[in-house]
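Student: Can you keep this structure in mind? I'll have questions shortly.
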Amino acid sequence: MAFEFGAVLAFAVVAIGFGVVALTASRLLRPNHPEEAKSQIYECGEKPIGTAWMNFNPRFYLIALVFVIFEVDIALTFPVVAVFKEWVATSPATGFIALGELLLFTFILVVGLAWVWVHGDLEWVKKLAEIDGGGEAKQPPAGRRAA
1313 MAFEFGAVLA FAVVAIGFGV VALTASRLLR PNHPEEAKSQ IYECGEKPIG TAWMNFNPRF
1373 YLIALVFVIF EVDIALTFPV VAVFKEWVAT SPATGFIALG ELLLFTFILV VGLAWVWVHG
1433 DLEWVKKLAE IDGGGEAKQP PAGRRAA
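Going by the working numbering, the first residue of the sequence shown is number 1313, and it counts up by one from there.
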């Protein structure tokens, strides 16, 4: 048994050693000629305008994240649905436990979607609203633009 762990340890040492040796050799052998043009941003052959740091709308990432979460839900649900009939035929208890877990998993995701939806985080264009003392939303003053 110790020999098996020794083989795993030897494999890990060789793998890490190979990576370290390859990175060290490439650092020592590569040419190093830093120039200002090499450190500039390259965008399709065009000269950059402005700085590389700019603000992106985080709503895009939130909508993309919700999409990915439901894609994972589909990816995890499909295999269960594909073999569900066999599970119920062989052992009804196993089939109904899998169904319960599947429904619970989907319910949790739907509750998360409802929470995001109620908070208005899925709206692409948000209106700027201000809350006055009475708790009612009112439109922004005429001089301000809605974001």
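We put the beta carbon where it would ideally sit given N, CA and C, even for glycine.
1. When DSSP labels each residue in this structure, what does E1358 get in the three-state scheme?
2. Could you work out which residue in W1436, M1366, F1419, F1396 is closest to A1410 when comparing CA atoms only?
3. Quick check: what's the CA-CA separation for T1363 versus S1338?
4. Given this structure, state the Cα-to-Cα distance separating L1335 from P1346, to the nearest angstrom.
5. Using 8 Å as the Cβ pair cut-off and three pairs as the minimum, do the segment 1364-1376 and the segment 1425-1439 touch?
6. Could you give the distance in angstroms between the alpha-carbon of A1319 and the alpha-carbon of E1413?
7. Given this structure, state the Cα-to-Cα distance separating E1332 from P1343, to the nearest angstrom.
8. With a Cβ-Cβ cutoff of 8 Å, do L1421 and F1382 count as a contact?
9. Compute the Euclidean distance between the alpha carbons of A1459 and V1423, then round it to the nearest angstrom.
10. Shortest alpha-carbon distance to L1415 belongs to which of I1386, W1429, V1325?
11. I need the straight-line Cα distance from W1365 to A1394, nearest angstrom please.
Tutor: Taking the definition as stated:
1. Three-state DSSP puts E1358 in a strand.
2. The shortest C-alpha to C-alpha distance from A1410 to any of W1436, M1366, F1419, F1396 is the one to F1396.
3. Linking T1363 to S1338 through their CA atoms gives a straight-line distance of about 31 Å.
4. Inter-residue distance for L1335 and P1346 is about 19 Å (C-alpha atoms, whole angstroms).
5. Between the segment 1364-1376 and the segment 1425-1439, the count of Cβ pairs shorter than 8 Å is three or higher; the stretches touch.
6. Each residue's Cα considered, the two are about 40 Å apart.
7. Checking the displayed sequence, the identity of residue 1332 turns out to be Val instead of Glu. Spanning the two alpha carbons is a distance of roughly 19 Å.
8. Annotated as proximal: L1421 and F1382, with beta-carbon spacing under 8 Å.
9. Only weak support exists for where A1459 lies, its pLDDT of 47 falling under 50; the coordinates are left without a value.
10. Among I1386, W1429, V1325, the Cα nearest to that of L1415 is on I1386.
11. Cα-Cα distance, rounded: 47 Å.
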